[in-house]
Amino acid sequence: MEDYQVRLEFFEGPMDLLVYLIHKNEIDIYDIPIALIADQYLDYVTRIETLNLEKAGDFLLMAATLLQIKSRMLLPGPEIEGEEFADPRTELVEKILEYMQFKEIAEKMRCLEDLSGSQAERGFSEVEFYRAQEDGEPQVEATVNELILAFSRLLTQASRPEPVHRVLRERISTASRVRQIREILSRKRRVLFSDLAAGGTGRLFLVVTLVALLEMAKGGEIKVEQNDPFTEIWIARARLKPVEEKAGEEIEEEGFSGEGGKEKK
Amino acid sequence: MSGFTKEVIVEAVLFASVEPVPARKIALAAGCSEEDVQAAVVSLNEAYEKQGRSFRINRIAEGFQFRTLPEFADYVRGLSRQIAASRISAAGLETLAIIAYRQPITRTEIEKIRGVNVSGVLKSLIEKKLITITGRAQVLGRPLLYGTTREFLRYFGLADLSLLPKESELQVILAGENEGSGQAGAQKRTQDQGEEEQQALM
């Protein structure tokens, strides 16, 4: 019983646990003592429930299945002429066998992975994997995709309900955010995207920041960089001088002269 | 054509490639038949072995590719920019195994086998380009179908899917471990399934 304490976090899911119980009790998989298994399984589930209710939920369906099989084994079925009594365990056994089979296959694939990894190809793939150099200089040019992914992560965080306090809605336009970012970049050659995002609160601020960055990237004013894929994103200055500021609230399309156009705000 | 042997021309074409190249393309570039290409590869590999060279021409992802021998792993690992640390997680491997054998397959079907949620794993495998969406199932809700990619073959150093470990081989191992009265029926059904799988993979 104490076994469980050690392995509590190790079971990925119900199948994992079942297989463990089968091995532990040295059960013949073609003749599973359902009562025993169901009891041990339930015992385990109750334990994880005290630790982590959410995780226990994954295991509930199997618990119910086991109990159902157990009860069907106990109750004699109606005697039907010419029909054999179907073993209620059959489906479960097949499921377990299938699962074990794929676990085995996965192990063999691990060997394949190792073997293939020990062989080098000619040249190297430009694509995914770069090692960051010692001085931490960005190696990979991030794409808009990475930026948007990082943004959506931040957005999710920003949406979490905060302890109640008065939030002043800050009115901010894309143009003024661009100016702010430009100003930051004039002092430091580059800045972390997450730092920029932390410069204000609320989703509106994040959205405006993103739009500002996209506009600046489009104008060639900034570069978006990463040391490694899936790490922090840096926003760096790309040009010595920023593009002439266009008049008006919105950032205009290039080519619009702005003369006699909208009022400067 | 100059005085070069077909072999040496095939060698040149392969040398110039980084990715695995299908025989068809080599034949086109080298100006010979696909059979010639096959023969050339065999004889080149024989020569390399005789000369004690550090590389061979492997059959990868339905094509041919130069690869160093496993013995040289330590030497080349430092130079190659591929990070060794990017091994697939156990969960990822299991999910990959299921997809490789049962493709095309939906997320729900995968989860039925694994017994856990696989959304995160699927996302990661897609990002690594080892699996892709191959279509939609013709059932209610039209869920997405997943299958392995060419990159999958390349990553595992496989020529094609038929070289994955055979399901039926594994059946024998399981049966041996658990000798008992039990359900002959259950055993037989999964065995048949295994054979079907084998046919499908060929």
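Those sequence lines, one after another, are chains D and B.
Just so we're aligned: 179 in numbering that gives the first Met the number 0 is position 180 of the first sequence, and the numbers increase by one with no gaps anywhere.
Just so we're aligned: 111 in numbering that gives the first Met the number 0 is position 112 of the second sequence, and the numbers increase by one with no gaps anywhere.
No residue lacks a Cβ here, since even glycine has one placed at the ideal position from N, Cα and C.
- Within the region 93-112 of chain D, contact with chain B at the beta-carbon level (separation under 7 angstroms) is assigned to E93, L96, E97, Y98, M99, Q100, F101, K102, E103, I104, A105, K107, M108, R109, L111 and E112.
- At least one CB atom of chain B sits nearer than 8 angstroms to the CB of D/G122.
- One thing to note: B/A39 has its Cβ no nearer than 8 angstroms to the Cβ of B/E33.
- About 4 angstroms separates the CB atoms of B/A72 and D/S117; that is less than 8 angstroms, so the two are in contact.
- For D/E220, the number of other beta carbons within 10 angstroms of its own is at least 16, and it is reported as buried.
- In the DSSP assignment, D/T173 falls within the unbroken alpha helix (DSSP H) covering T173 to R186.
- Within chain D, the residues whose beta carbon sits less than 9 angstroms from that of B/V115 are E11, G12, P13, M14, D15 and D57, listed in sequence order.
- Annotation: the continuous beta strand (DSSP E) that includes B/F63 extends over G62 to T67.
- Residue range R149 to F155 is occupied by the alpha helix (DSSP H) that includes B/R153.
- Look at B/R86: its C-beta is under 8 angstroms from a C-beta on chain D.
- B/N57 sits in a strand when the DSSP states are folded into three classes.
- Taking C-alpha positions only, B/Y145 is separated from B/E126 by approximately 13 angstroms.
- Using beta-carbon distances, B/T67 counts as an interface residue toward chain D, with a partner under 8 angstroms.
- In the DSSP annotation of this structure, the continuous segment of the alpha helix (DSSP H) that includes D/K107 starts and ends at T89 to G116.
- For B/V36, the enclosing alpha helix (DSSP H) stretches over residues E33 to Q50.
- Here the alpha carbons of D/K23 and D/K222 stand approximately 57 angstroms from one another.
- Close to D/L154, with beta-carbon spacing below 8 angstroms, lies no residue of chain B; the smallest spacing is near 18 angstroms.
- B/E45 counts as exposed, since fewer than 16 other beta carbons sit within 10 angstroms of its beta carbon.
- Rounded to the nearest angstrom, the gap between the Cα atoms of B/A11 and B/L160 is 28 angstroms.
- Among the CB atoms of chain B, one or more fall inside 8 angstroms of the CB of D/Q118.
- With a cutoff of 8 angstroms on beta-carbon distance, D/E112 and B/Q64 are scored as not near each other.
- Around B/I98, no beta-carbon contact reaches into chain D at under 8 angstroms, the shortest distance being about 10 angstroms.
- Comparing alpha-carbon positions, the option among B/K122, B/G62 and B/P69 lying closest to B/V17 turns out to be B/G62.
- D/A235 and D/S175 have their alpha carbons spaced roughly 18 angstroms apart.
- Cβ atoms of B/E150 and B/K122 stay farther apart than 8 angstroms, at about 16 angstroms.
- Residue contact with chain D for B/Y145: absent (no Cβ-Cβ distance below 8 angstroms to any residue of chain D).
- Annotated three-state conformation of D/E224 is strand, per DSSP.
- Scanning chain B for C-beta atoms nearer than 7 angstroms to the C-beta of D/S115 yields Y154, F155 and G156, reported in chain order.
- The criterion of a C-beta distance shorter than 8 angstroms is satisfied by D/I95 and D/L17.
- Of D/I232, D/L213, D/Y29 and D/L195, the smallest CA-CA separation from D/E93 is found for D/Y29.
- The beta carbons of B/L95 and B/I87 sit closer together than 8 angstroms.
- Counted as a single uninterrupted DSSP element, the stretch harbouring D/I28 is not any alpha helix (DSSP H), since DSSP gives it neither H nor E.
- When DSSP states are grouped into helix, strand and coil, B/V20 belongs to the strand group.
- Not a single C-beta of chain D is nearer than 8 angstroms to the C-beta of B/I8.
- Contact note: B/I112 reaches chain D through E97, Y98 and F101, using a C-beta cutoff of 7 angstroms and chain order.
- Listed by position along chain D, the residues whose Cβ is nearer than 9 angstroms to that of B/Q102 form an empty set, because the closest Cβ is around 13 angstroms away.
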